[in-house]
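2 protein chains.
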Amino acid sequence: MSIRLPVIGQPRLDLEAPDVTEATAAAALLADRTRAAILRMLGDGPHCVCEMAAALGERENNVSNHLARLREAGLVRAVRHETNARFQYYERDEAAVAAARRALQGVLR
Amino acid sequence: MSIRLPVIGQPRLDLEAPDVTEATAAAALLADRTRAAILRMLGDGPHCVCEMAAALGERENNVSNHLARLREAGLVRAVRHETNARFQYYERDEAAVAAARRALQGVLR
DNA sequence: CCGATATCTCACGTTCCGCTGATATGTTGG
DNA sequence: CCAACATATCAGCGGAACGTGAGATATCGG
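These protein sequences, in sequence, are chains A and Z.
With my numbering, the residue at position 2 of the first sequence is 2, and numbering never jumps.
All you need for my numbering is the position in the second sequence, starting with 1, plus 1000.
The structure is reproduced here in structure tokens:
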């Protein structure tokens, strides 16, 4: 059960820092309860702001704020409802979500 | 290319909030550049604090601070070097890392 | 034993982030 | 047309997080 430690007495200096910019950007978006829940709920299909706000017990402007963050990151898109244009329905951009998932897996793999 | 929007004019009220506590906890740890790079570097094997600090261009007490966060979360373990006990070698807890990966995938899946 | 090394801990200051409240825009229904 | 609704935007506030500096502990080399 013991790990294999280097036998050298001196630390390695050839170790180079990995590029984790994409992963940290994705993680920062997922680090908030509201945004993470939004992304999870949108995984089952599109939802409007008031639906998700009610489910989360959050104010609608707050949810709208978080959706703006996700939209700027390219993870979600907004589409007006066809018959009732008051509702903004949000859907995930599955390609962007997959890229975020790969970036996170690149760190935890 | 158009999404399938609900035909109903009223939003669904039966939508329930998913549990994302594990995912947000994991994401909060990955949201920092230093911690994410540490987890990535430890994926290739154990390293001591000074190695990673040098690779990242960060101070050793700062790296030690982030390692303490990861240790409290159970993602890494500390082991003293056998022949040179000055060095604290850190290794990943692969079971905990896998759990964090699954929690994040549960949101982005 | 003593100085250098490696790591840890923590208080402090600055910065960042999320929530709130107010306001604005657009839409539907009556 | 007007009131209610759905959403968006933003300044401001309070709290959390990050890096720093100082100090402590422990170990190795000479």
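All C-beta atoms, glycine included, are put in the ideal place defined by N, C-alpha and C.
- Of all alpha-carbon atoms in A:Arg35, A:Glu22, A:Arg12, the one lying nearest the alpha-carbon of Ala98 (chain A) is that of A:Glu22.
- The beta-carbon of Gly74 (chain A) is placed no less than 8 Å from the nearest beta-carbon of chain Z.
- Residue-level contact check: Gln105 (chain A) touches chain Z, since one or more beta carbons of chain Z fall below 8 Å from its beta carbon.
- Inclusion of Arg1101 (chain Z) and Leu29 (chain A) in the CB contact set at 8 Å is not warranted, their separation being larger than that value.
- Secondary structure of Val20 (chain A) (DSSP, three-state): coil.
- Annotation for Arg1071 (chain Z): the continuous alpha helix (DSSP H) segment containing it runs 1060–1072.
- In this structure the segment 1011–1018 of chain Z does not touch the segment 1051–1070 of chain Z; the number of beta carbon pairs closer than 8 Å is below three.
- Here Arg1086 (chain Z) is exposed, its C-beta having fewer than 16 other C-beta atoms within 10 Å.
- Setting aside the 5 residues that flank it on each side, Val79 (chain A) is surrounded in the same chain by Pro46, Gln88, Tyr89, Tyr90, Glu91, each with a C-beta closer than 8 Å to its C-beta; the list follows chain order.
- Contact between Ala1031 (chain Z) and Ala31 (chain A) holds: their C-beta atoms lie close to 5 Å from each other, under 8 Å.
- Here the C-alpha atom of Arg35 (chain A) lies approximately 13 Å from the C-alpha atom of Gly74 (chain A).
- Secondary structure of Arg1109 (chain Z) (DSSP, three-state): coil.
- With respect to Arg1069 (chain Z), Val20 (chain A) sits apart: the two C-beta atoms are not nearer than 8 Å.
- For Ala1031 (chain Z), the secondary structure class from DSSP, reduced to helix, strand or coil, is coil.
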